[in-house]
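**Q**
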Amino acid sequence: MSPRLARPRAAALAALLAAAALAQPLPAAAQGAVAPAHVARELARPRLAGAGGYSWFGLPIYTARLWVGEQGYRADAPEAAPFVLELRYARALAGARIAEASVEQMERLGAGSAPQRARWLREMKAIFPDVQAGSQLSGVFLPAAGTRFYLDGRALATLAEPAFAKAFYAIWLDPASSARGLRESLLRDAAPAP
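In case it helps, full-length UniProt numbering puts the sequence shown at residues 1 to 194.
(1) For P192, collect the residues of the same chain with a Cβ closer than 7 Å to its Cβ; drop the 5 residues on either side in sequence, then sort them by chain order.
(2) How would you write the range of the beta strand (DSSP E) that V34 sits in, first residue to last?
(3) Just to confirm my understanding: we take A165, look at its own chain, exclude 5 residues before and 5 after, and list those with CB closer than 6 Å. What are they?
(4) Going by the beta-carbon positions, is the gap between P60 and A92 smaller than 8 Å?
(5) Let me make sure I understand the geometry here. Which of A126, L85, A157 has the alpha-carbon closest to that of E40?
(6) Taking R65 as the reference, which of P78, A44, P36 has the closest Cα?
(7) Using the Cβ count rule (16 or more neighbours within 10 Å means buried), how would you classify R45?
(8) Just how far apart, CA to CA, sit residue 200 and R88?
(9) Could you tell me the distance, in whole angstroms, from the CA atom of L151 to the CA atom of G52?
(10) Whose C-beta lies closer than 7 Å to the C-beta of E123 among residues of the same chain, with five residues either side of it excluded?
(11) Identify whether Q105 lies in helix, strand or coil by the three-state DSSP scheme.
(12) Is it right to say S113 is buried, meaning 16 or more other beta carbons lie within 10 angstroms of its own, or is it exposed?
(13) Considering only their Cβ atoms, is the gap separating A33 from A190 smaller than 8 Å?
(14) Residues in the same chain with beta-carbon distance under 8 Å from P27, minus the five sequence neighbours each way, listed in chain order, please.
(15) Could you tell me the boundaries of the beta strand (DSSP E) in which Y62 lies?
(16) Give the DSSP bridge partners of R119, in chain order.
(17) To which residues of the same chain is A157 closer than 6 Å at the C-beta, ignoring the five residues directly before and after it?
(18) Roughly how many angstroms separate the alpha carbons of E161 and A80, rounded to a whole number?
(19) Can Q116 and A155 be called in contact, C-beta distance under 8 Å?
(20) Let me know if D174 comes out buried or exposed under the rule of 16 or more other beta-carbons within 10 Å of its beta-carbon.
Right, dumping it as structure tokens:
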């Protein structure tokens, strides 16, 4: 493919990842859903809070699942407890493009300063691998500590920067997320258990 044709395709992919999603809710968090081993290691008594799909004009990009522990997830105190966000990709994507789209969404949300986002972009490009259909990237929110990433259950890296973690997970969980329908699906059963 010529470089002239590749640029519009890359731009279209960037727009696709950064555009507002059409979220398709998946079945409500199934009672008895079994957490993957890496999730069970990271969370005390993990439970599936919600799941949904991220598509753009009907083109599936990934399905997402949010796992919470005993403390659940509180929208009024999102940094209070650990959680795991899993993304299972429906198609091949370059890790660098995933990082770039993530930073674009952070900027749209006003998260971090320009120098912080530039540093985060470099760090994510170094961490995020290219993914294939079926690849699963998981991020563990570590309160006041940062985030840990997994690929298909294998540890990739830990970024010990709370500001990065807050900005990264805001892409999906902030009320101003461009994927509001997906956010609602993920948070469906995330409240702390009574």
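For glycine and all other residues, C-beta sits at the position ideal for the given N, C-alpha and C.
A quick note: this is a predicted structure, and the numbers were derived from the prediction, not measured.
**A** So, from the data block:
(1) Q71, G72, R74
(2) Looking at the DSSP string, V34 is not in any beta strand (DSSP E), and its letter there is neither H nor E.
(3) F141, G146, T147
(4) no
(5) The sequence given here has Ala at residue 40, not Glu. Closest option to A40, Cα to Cα, is L85.
(6) P36
(7) exposed
(8) Outside the displayed span of the chain (1 to 194) sits residue 200, for which this structure offers no information.
(9) 19 Å
(10) L159
(11) helix
(12) exposed
(13) no
(14) Any reading at P27 is ruled out, since the residue's pLDDT is 46, under 50, leaving its predicted position unreliable.
(15) That run of the beta strand (DSSP E) goes 59–68.
(16) According to DSSP, R119 bridges with nothing at all.
(17) Excluding sequence neighbours, A157 sits near I127, F149.
(18) 15 Å
(19) Contact check for Q116 against A155 fails: the beta carbons are separated by 8 Å or more.
(20) buried
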